[in-house]
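For reference, the structure is listed below as structure tokens.
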Amino acid sequence: MSLSAFVPTNTQKARATAISAFKRMLELEGVSTEFVHASILKDDSGKRLAAAMDRFGYYLATNEGKNGKLARNTASSYYRNVKLWLFDSYPHLRVATELILLKQGKTLDKHCLKRENGGLTNKAPPCTKDDLKALVRYVTAPPESVQTTRMLP
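To convert, note that position 89 of the sequence shown is 132 in our numbering; the numbers rise steadily by one, no gaps.
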């Protein structure tokens with residue numbers, strides 16, 4: 044019995060779905076899975092692994108499915124699961140490529156977030172002129188009036 048027996052079923056299904064998406068991308072590109080594995084195995088620098096994952100990230104960001112483009116969480120999950128699957132297959136490349144693939148994953152996540160929110164990431168509502176006027180009044184007010192405004196609800 045191995046430790047993989049203790050992995051939850053949902054995690055195993057998610058990984059299998061992500062791997063099948065990776066294989067669909069390779070099929071769409073006209074590249075065999077065996078060629079990619081042999082190519083990654085011969086390269087000790089990890090550049091081919093990073094290039095394959097970069098292409099997979101692009102595929103996830105631009106591919107249209109039955110219901111349109113993939114959601115941000117789905118694309119990130121697929122990318123993460125395939126990355127971990129490849130790290131399990133090629134543990135000697137983990138150190139060399141981990142930071143590169145992390146950066147690629149963040150870029151994919153940001154792209155999908157912008158795509159879903161209409162091109163802008165809103166972290167806080169914009170400050171209006173009335174807000175600025177109130178701030179200027181508070182900053183330029185004499186100390187006595189500031190203390191009384193603190194007591195008011």
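Cβ atoms here follow ideal geometry from the backbone N, Cα and C, with glycine treated the same way.
In this text the structure is predicted, and so the values were computed from the model without any measurement.
Classify residue i as buried or exposed, calling it buried when 16 or more other Cβ atoms lie within 10 Å of its own Cβ.
i	result
residue 65	buried
residue 155	buried
residue 180	exposed
residue 58	buried
residue 99	buried
residue 144	buried
residue 126	buried
residue 151	buried
residue 72	exposed
residue 79	buried
residue 81	exposed
residue 140	buried
residue 103	buried
residue 184	exposed
residue 111	exposed
residue 175	exposed
residue 142	exposed
residue 113	buried
Looking at C-alpha atoms only, which residue of the options is the closest neighbour of residue i?
i	options	result
residue 149	136, 129, 120	120
residue 105	93, 94, 118, 127	118
residue 115	85, 101, 184	101
residue 134	59, 88, 110	88
residue 94	153, 146, 157, 109	146
residue 137	90, 172, 50, 52	90
residue 108	132, 171, 67	67
Could you give the residue range of the alpha helix (DSSP H) that holds residue i?
i	result
residue 87	Note, residue 87: premise wrong, no alpha helix (DSSP H); not H, not E.
residue 60	52 to 72
residue 171	From DSSP, residue 171 is part of no alpha helix (DSSP H); its letter is neither H nor E.
Could you please give me the residues that DSSP links to residue i through a beta bridge?
i	result
residue 111	108
Just to check my reading of the structure: residue i and residue j have Cβ atoms closer than 8 Å, yes? What is that Cβ distance to the nearest angstrom?
i	j	result
residue 124	residue 61	4 Å
residue 92	residue 46	So it is not a contact: roughly 24 Å between Cβ atoms.
residue 76	residue 69	6 Å
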